[in-house]
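Report on the structure given below.
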Amino acid sequence: MTRTIRTADGRRLAVAERGDPRGAPVMLFHGTPGSRLGPVPRAMTLHATGIRLLSFDRPGFGESDRLAGRSVASVAQDAAAVADALGIDRFAVLGRSGGGPHALACAALLPERVTKAAAMVPLAPRDAMGETWFSGMTPGNAEAYQQAVSDPAALRRVLDERAAGIRADPASLFASIDQGLEPTDRAVIGQANIRQELVRAYAAGVSRSADGWFDDALALARPWGFDPGDIRVPVYLWHGAEDRFSPISHTRWLGERIPLATVDVEARASHFSSLLRLPRVIVWSGTRVSWDGVAAD
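Residues 102 to 398 (the working numbering) are what the sequence shown spells out, left to right.
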């Protein structure tokens, strides 16, 4: 179910809610690009595990109004507005890829509301890591994030063109990221159900414009507006050792600085492998048990 809520400054946010309406609330932050549509576990899985899964299009994506100049930290106010509109006091947060830093922002800036946080294949703050931030990153991603700081107009032109291509043919995004795919990535996105969900989510995310994609890139490459070291709730960090879209060094950096972090590095796994682990991490987010207490698949 999708509904529209209003923020305090009058913007519209498109929010999707799935699973058990009386279950443990978990707020999921989509990747970059992406949307509230997924990928997510099946509704029956969420019901069976007692999870109330919430997701919303970040500003500029999908059906949410743009917030030009936003930082990663800006998402905390939007997350609070979503929770307030749905009558939720406390909730867990989980983000994958570009959504990971946004989940961590909520954990740092909403300490009275966030119970747990998880970030899968996240980036770390560029200004804090310095030039090592780019080490091991695909050339396409490295170029885009460098342009986000040095030549935003050039990046905008590239993303506008790519978004137009996705609107014309949603599956075209896979061609543009092909050079960064590891064999493990190809195996994951080769699964028909996952590929279909990714295509649907990408298409929805850029259905109106490339605004969200562009604003995410700028926010992720610039100072985030909070210190991950300030997070005081349990944090689970998952990363595939072969990831080249967001290198493993980013999760290691975060794990060394977040006080209650558990770092899980999986060998022979890469960026899109996170989609296979997502259901387990959602269950962990919505329960009181430690990660070791969640059964493996």
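Where a beta carbon is used, it is the ideal one built from N, C-alpha and C, also for glycine.
#1: The alpha helix (DSSP H) with methionine 238 in it runs from where to where?
#2: Who does threonine 103 pair with in a DSSP beta bridge?
#3: Since glycine 196 and proline 223 should fall inside the 8 Å C-beta cutoff, what is the C-beta to C-beta distance between them, to a whole number of angstroms?
#4: Is glutamate 357 helix, strand or coil when you go by DSSP?
#5: What three-state label does DSSP hand histidine 340 in the structure shown?
#6: Give me whichever residues DSSP pairs with methionine 145 in a beta bridge.
#7: Please report the distance separating the alpha-carbon of glycine 241 from that of threonine 352.
#8: What's the C-alpha gap between histidine 148 and leucine 376?
#9: Would alanine 209 and phenylalanine 327 qualify as a contact pair, given that the criterion is a beta-carbon distance under 8 Å?
#10: Assuming leucine 129 contacts leucine 168 under a Cβ cut-off of 8 Å, what Cβ separation, rounded to an integer in Å, is found between them?
#11: Inspect the beta-carbon positions of alanine 125 and threonine 103 and report whether they are closer than 8 Å.
#12: Indicate the three-state DSSP secondary structure (helix, strand or coil) for serine 136 in the structure shown.
#13: Would you decide whether alanine 397 is buried or exposed? Buried here means 16 or more other CB atoms lie within 10 Å of its CB.
#14: Rounding to the nearest angstrom, what Cα-Cα distance links valine 382 and threonine 150 in this structure?
#15: Do aspartate 286 and phenylalanine 373 have their CB atoms nearer than 8 Å?
This is what the structure holds:
#1: Premise fails: methionine 238 is in no alpha helix (DSSP H) and is neither H nor E.
#2: According to DSSP, residue pairing for threonine 103 in a beta bridge involves Ala117.
#3: For glycine 196 against proline 223, the beta-carbon gap comes to about 7 Å, under 8 Å, which counts as contact.
#4: Helix at glutamate 357.
#5: Strand, per DSSP.
#6: None; methionine 145 has no bridge partner.
#7: Distance between the alpha carbons of glycine 241 and threonine 352 is about 20 Å.
#8: Per the coordinates, the alpha-carbon of histidine 148 lies some 19 Å from the alpha-carbon of leucine 376.
#9: With respect to the 8 Å criterion, alanine 209 and phenylalanine 327 are classified as neighbours on the basis of their beta carbons.
#10: A Cβ-Cβ distance of about 20 Å is found for the pair leucine 129 and leucine 168, leaving them out of contact under the 8 Å criterion.
#11: Contact: no.
#12: Strand, per DSSP.
#13: Model confidence at alanine 397 stands at a pLDDT of 34, short of 50, so the residue's coordinates are unreliable and nothing is read from them.
#14: C-alpha separation (whole angstroms): 12 Å.
#15: Contact flag set, yes.
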